Amino acid sequence: MSIRHLDRLLSPASVAVLGASTRPGSVGATVWRNLRAGGLAGPVYGVNPKHRALDGVPIFSNVAHLPAAPDLALICTPPDTVAPLVAELGALGTRAVVILTAGLSAEQKQAALEAARPFTLRLLGPNCLGLLSPHIGLNASFAHTDALAGDVAFVSQSGALATAVLDWTRSRGIGLSHLISLGDHCDVDFGDLLDHLASDARTQSILLYVESVESPRKFMSAARAAARNKPVIMLKAGRAGRGVQAAASHTGALAGSDTVYDAAIRRAGMLRVDTLQELFVAAETLSRFRGNRHGTLTVMTNGGGAGVMAADAAAREGVVLAEPGTDLRTRLNALLPAHWSHANPIDIIGDAPVERYAETLDALLADESTGAVLFMHAPTAIVRSEDIARACLPLVRDHTSRVMSTWLGDDAVAQARRLFEEAGVADYATPEQAVHAFAMLQTYRRNQEILMETPSASGKAMPDSAMVRATLEAASAAGREWLGEQEAKALLQAYGIEAVPTLAVAATAPAVIEAARELGYPVALKILSRDLVHKSDVGGVRLGLCDEAALGNAVGEMLDAVRIARPLAQIEGFTVQHMALRPHAQELIVGASIDRVFGPVILCGQGGTAVEAVGDTAIALPPLNRALARELVSRTRVAQLLAGFRDHPPARLDALYDVLVAVSQMLADLPQLAELDINPLWVDENGALALDARVRLSRLPVGGAERFAIVPYPVQWVRPHTWNGRAIVVRPIRPEDEAQHGRFLESLDAEDARMRFFSSRRALPRSELARLTQIDYDREMAFIAEARDAEGCAQTLGVARTVSDPDNVEAEFAIIVRSDLKGLGLGTLLLEQLIEHARARGIERLVGLVLRENTRMLRLSRAMGFKADPAEPPASGLRRMVMELKTSASP
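Under the working numbering, the residues of the sequence shown are numbered 11 to 901, in order.
Here is the structure:
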């Protein structure tokens, strides 16, 4: 149900406690006390047949006797009473319930959901701590303390951690906009709350404690939408948990569940942290220091030891310390004693007076090449820390996005620290914490770039469907789970991945030698057996065989080794390959498997027989394109080798990216694809070449585009048309369309732009263009009408767009056609496809806000069946045009 009625849950005007009590230690008594003490402005009701009054407040014997329907009800009664109470509350008009009761069986939880459904009543819990919204004085929980009002929202699957956070934030003066305990979350979940908090004006950052995600596509859509608006920081428990337990391939073994969570968090533009302390350090960093765009750091300190600690931390975290330039050195030489450090960290010496601090900081901030500045001070008897802070305040107030501080110590620097914090400076307890925070900011910025990335097209042709179908049908007819090597390579080649040709022969030395003569030496010899997935582990691979004698010996030795290692394996023969000679090639692995939570995942890294031992791999969620493939490769150590070194020229990375994109397409097209290893994949200056491949199929669909956590490009909505004598295509917009879309908007007349955007602005910044072209197909759609000009270049003629609410009830539409093409029917064509898509999505209502003077758009919408909303006030200057897509709205 997503965000429906979540306002009643988090900002209720009235609340009722069912099970209110005075019994010491009971949940009902604690919740009643907390709710009364919170100071909620609206009515607070108690329901309990055993009491007539509590704390001088009348108590009602049952729900039916309440004087009015409360916005929010808190249930603290036994499990078997929950579902009937939910039904009563729903009938009364309540639309949000927190079930604090623990111990509900699966059947009782389902009964509560079914009782809530006819009223679209929202359920938080069961078995939860409750929630707090300090801004309105709501403490609907059995927590031991209240929360300070602030702008950080915390959503937790653990009630115990929620109480710890309450204690921790109060002691440090950190305010919360909301604290929400999900409990067993039979209804309201992370996706719902992310959608609501993303547009909550009181919430500036969102913190999550996550143990598991049960609706991955919904979670990813909500997380990506929220992360575009404000920082989302996630503490994910369970790093030590096991991933895929029975993986037969390298990829399956390496792509454990926690690494996949990492990939999902990164793709959604969020930041992952490992500890509760990091959670709030990250929140402070992103709230105070997020505006910093520098990739390097300059450390300013009055103590050499503290500077060394900061430099060591920077080395560990991969933070680059800026090298002082000639002009800056000259200026610092005039300000500082002759024995200053002359390097970064900038040690201004322990006897520094107030003026030296301010003048040095001024010099660093005046030079953009210094990047961000970490201001550090250890207290001395020479000058008061507070005086230093006051002298530097005018500088730091103007540069809060560049300055972070560490006031080493406690009481002696407390006032100085407070002055900097009040000025908006992000402050940290130690040099290591400050450098780690800077590194987290860099990670967050990279994740945001992934979220907003504008990819380029792969350039790969469509797969050979006939070859794919024949390969899979042959395996299925034989009842085989694993494809043979030749079949696996045929599948790769069908998707445009070049592979070394393989010749299968009988299990005799003469036949092997004859095959080698045909291919030419040197050759590679491999055992052929469907019972052996990793042939090298049992001595089933020999490389670089240069003549018949070596090949004949290898045949006998290989048979002996395999029979000893796997005596029950059925040996079908051998495969012989010509040894490709590419001396500069790096051995990589590219693979795919199915994660139990997020579905299909893709792996890339350093390959070979020791791939698990080397552990140099990275994971990404499909769908991929070249830009996202490039980011995936950049997270591996082998990327440095691919960039070239000594006599090794840089590898042709586009070829590697295209392999990754092809694997992504394979995962979308083939629901039965369970595991894939391309290992080794050689990559060098000539491109990418697959030497070996393993493919495991599942009898039941386990993957495919439907199981992607992020909706792939909806190719089924690409439609060719003949319009006005021209061949055009109406298709969903792609991220690759950014430049083309920008040119389209710039071509509009100023008046047309005003009619569409309510502004005459036509040139948009890259961030807005990326937002218009990199859409979440699970929640929005933009159809463009595209044609080719005389030179064959693609051009956008018009665009129609819908953005639906998270409940998929109402979608707002907008259309704009190139200024010189108005009145020729293109808008009608676009709107027809938009309506068809909205119906297919199950959207109940299409709404468009049209300027009253935009008569052309008003005529078009009326002709298509839209009606003006009579409730729209004339003074607004807008008409709200509405089309009901369903004859009756569901409850």
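The beta-carbon is built from N, C-alpha and C at its ideal position, and this holds for glycine as well. From a predicted model like this one, the values you see are computed outputs, not experimental measurements.
Nearest to residue i (by Cα), restricted to the options the options
i, options, result
"histidine 588", "Glu597, Gly617, Cys556, His61", "Cys556"
"cysteine 138", "Ala292, Glu124, Leu110, Arg855", "Leu110"
"histidine 446", "Leu189, Leu307, Asn696, Arg645", "Leu307"
"alanine 376", "Ser415, Pro334, Ala534, Leu50", "Pro334"
"methionine 450", "Thr340, Leu663, Gly609, Pro241", "Pro241"
"alanine 74", "Ala97, Thr87, Asp65", "Ala97"
"leucine 218", "Arg227, Ala211, Leu186", "Leu186"
"valine 673", "Ala125, Gly625, Val611, Leu542", "Val611"
"threonine 865", "Arg851, Glu894, Lys832, Ser24", "Lys832"
"leucine 204", "Arg849, Leu844, Pro816", "Pro816"
"aspartate 474", "Ile507, Ile460, Glu582", "Ile507"
"arginine 849", "Arg828, Leu836, Leu834, Glu894", "Glu894"
"histidine 206", "Tyr531, Ala233, Gly193, Gly183", "Ala233"
"leucine 699", "Leu666, Trp727, Leu686", "Leu666"
"proline 511", "Ala498, Glu432, Ala519", "Ala498"
Cβ-Cβ distance between residue i and residue j below 9 Å
i, j, result
"isoleucine 743", "leucine 807", "no"
"valine 749", "leucine 755", "At residue 749 the sequence reads alanine, which differs from the valine that was named. No; because the gap between Cβ atoms is not below 9 Å, this pair is not in contact."
"alanine 106", "leucine 16", "yes"
"valine 669", "leucine 683", "no"
"glycine 615", "alanine 628", "yes"
"alanine 368", "cysteine 402", "yes"
"glycine 160", "threonine 179", "yes"
"cysteine 86", "glycine 35", "no"
"valine 220", "leucine 245", "yes"
"alanine 517", "phenylalanine 584", "yes"
"leucine 839", "histidine 731", "yes"
"alanine 373", "leucine 342", "yes"
"isoleucine 825", "leucine 758", "no"
"serine 31", "asparagine 58", "yes"
"glycine 22", "leucine 148", "Per the sequence shown, the amino acid found at residue 22 is proline instead of glycine. Going by C-beta atoms, proline 22 is nearer than 9 Å to leucine 148."
"leucine 76", "alanine 26", "yes"
"valine 383", "histidine 409", "yes"
Residue environment, residue i, which counts as buried when at least 16 other CB atoms sit within 10 Å
i, result
"isoleucine 853", "buried"
"glycine 38", "buried"
"glycine 887", "exposed"
"alanine 78", "exposed"
"histidine 167", "Reading the sequence as shown, one finds glutamine at residue 167 and not histidine. Classification of glutamine 167: buried, given that the 10 Å Cβ count is 16 or more."
"leucine 896", "Per the sequence presented here, residue 896 reads as lysine, with leucine not at that position. Under this definition lysine 896 is an exposed residue."
"leucine 710", "exposed"
"valine 889", "As written in the sequence, residue 889 is arginine, which differs from the valine given in the question. It counts as buried."
"cysteine 196", "buried"
"isoleucine 392", "exposed"
"glutamate 778", "exposed"
"threonine 404", "It should be noted that the sequence gives proline, not threonine, for residue 404. Classification of proline 404: exposed, given that the 10 Å Cβ count is below 16."
"proline 901", "In this predicted model, proline 901 has a pLDDT of only 35, less than 50, meaning its place in the structure is not dependable enough to derive any value."
"leucine 82", "buried"
"isoleucine 574", "exposed"
"methionine 472", "exposed"
"valine 41", "buried"
"isoleucine 356", "buried"
"valine 725", "exposed"
"alanine 881", "exposed"
The stretch 716 to 726 touching the stretch 784 to 799, judged by at least three CB pairs closer than 8 Å: As far as the Cβ criterion goes, the stretch 716 to 726 touches the stretch 784 to 799, which means the pair count is three or higher.
Uninterrupted alpha helix (DSSP H) stretches inside the stretch 499 to 559 (no shorter than 4 residues): With a minimum length of 4 residues, the continuous alpha helix (DSSP H) runs that stay inside the stretch 499 to 559 are 519 to 529.
Contained beta strand (DSSP E) runs [length at least 3] in the stretch 349 to 398, N- to C-terminal order: You should have 382 to 387.
Stretch-stretch touch, CB-based, cutoff 8 Å, three pairs: the stretch 292 to 306 with the stretch 649 to 663: Segments in contact, no.
Cβ contact (3+ pairs, closer than 8 Å) linking the stretch 153 to 169 and the stretch 117 to 134: With a cut-off of 8 Å, the stretch 117 to 134 and the stretch 153 to 169 do not count as touching, because too few Cβ pairs lie within range.
Three-pair Cβ contact test at 8 Å for the stretch 622 to 638 versus the stretch 685 to 705: No: fewer than three Cβ pairs fall under 8 Å.
Residue ranges of each alpha helix (DSSP H) within the stretch 686 to 772, 4 or longer: List check, alpha helix (DSSP H) in window: 748 to 756, 760 to 767.
Residue ranges of each beta strand (DSSP E) within the stretch 228 to 252, 3 or longer: Secondary structure within the stretch 228 to 252: the beta strand (DSSP E) runs of 3 or more consecutive residues, fully enclosed, are 242 to 246 (chain order).
Continuous alpha helix (DSSP H) assignments of at least 4 residues falling wholly in the stretch 417 to 497: Taking only runs of at least 4 residues, the alpha helix (DSSP H) segments lying wholly in the stretch 417 to 497 are 424 to 432, 441 to 461, 475 to 487.
Complete runs of the alpha helix (DSSP H) confined to the stretch 557 to 601 [at least 4 residues]: You should have 558 to 575.
The stretch 117 to 127 / the stretch 149 to 157 touching (three or more Cβ pairs under 8 Å): The answer is no - the stretch 149 to 157 does not touch the stretch 117 to 127, with fewer than three Cβ pairs under 8 Å.
The stretch 358 to 365 touching the stretch 383 to 397, judged by at least three CB pairs closer than 8 Å: Between the stretch 358 to 365 and the stretch 383 to 397, the count of C-beta pairs closer than 8 Å reaches three or more; the two stretches touch.
Whole beta strand (DSSP E) elements within the stretch 606 to 663, 3-residue minimum: DSSP runs (the beta strand (DSSP E)) wholly in the stretch 606 to 663: 609 to 616, 627 to 630.
Any beta strand (DSSP E) of 3 or more consecutive residues that is wholly inside the stretch 258 to 312: The stretch 258 to 312 contains these whole beta strand (DSSP E) runs: 281 to 283, 306 to 311.
Any alpha helix (DSSP H) of 4 or more consecutive residues that is wholly inside the stretch 84 to 144: As far as the stretch 84 to 144 is concerned, its whole alpha helix (DSSP H) runs of at least 4 residues are 89 to 102, 116 to 126.
4-residue-minimum alpha helix (DSSP H) runs that sit fully inside the stretch 148 to 182, ordered along the chain: If we require 4 residues or more, the alpha helix (DSSP H) runs fully inside the stretch 148 to 182 come out as 169 to 182.
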